[in-house]
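> Heads up: take any position in the sequence shown, counting from 1, add 5, and you land on the working numbering. All C-beta atoms, glycine included, are put in the ideal place defined by N, C-alpha and C. Following this message is one structure expressed as structure tokens.
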Amino acid sequence: MKLYSETDLTFTRIINAPRALVWECWTTPEHIKHFFVPKPHGIDACEIELRVGGKFNTTMNVWRAPIGWSVVIVSASLVSGPLERCFPALAVDIPVRCAA
């Protein structure tokens, strides 16, 4: 992956929780739905293949009056061993669908 220091963003977060719990939250679709986006938005679907290059796909509901939007984010997992590092790579495709 090529990095562009002028435009790329890097986020670092220290979480006061056991490493195993954080790993489970980032690698279990049901847990992703609870923290991945701020309320009132939500995650309708999440698909994770826990391997380098595996799927890390989410479908977000972004609610704005008078209509809502579904944003499908297709990305790949970058994994560096259990309980170490797991995060989605840059989004590859972001189609947006208007909710009826």
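For Ile19, which of helix, strand or coil comes out of DSSP?
Here residue 19 refers to the residue found at position 14 of the sequence shown. Here Ile19 sits in coil by DSSP.
> Would you kindly work out how many angstroms separate the C-alpha atoms of Phe61 and Ile53, rounded to a whole number?
Locating residue 61 in the sequence shown gives position 56, counting from the first residue. Locating residue 53 in the sequence shown gives position 48, counting from the first residue. When rounded, the distance between both Cα atoms is 5 Å.
> For the beta strand (DSSP E) containing Glu52, name the first residue and the last one.
Here residue 52 refers to the residue found at position 47 of the sequence shown. Element bounds for Glu52: Gly47 to Ile53.
> I think Val67 touches His46, with their Cβ atoms under 8 Å apart; what is that distance to the nearest whole Å?
The residue you call residue 67 lines up with position 62 of the sequence shown. The residue you call residue 46 lines up with position 41 of the sequence shown. About 5 Å separates the two Cβ atoms, so the contact holds.
> Give the secondary structure of Thr33 by DSSP, where H, G and I count as helix, E and B as strand, and everything else as coil.
Numbered from 1 along the sequence shown, position 28 holds the residue referred to as residue 33. Three-state result, Thr33: coil.
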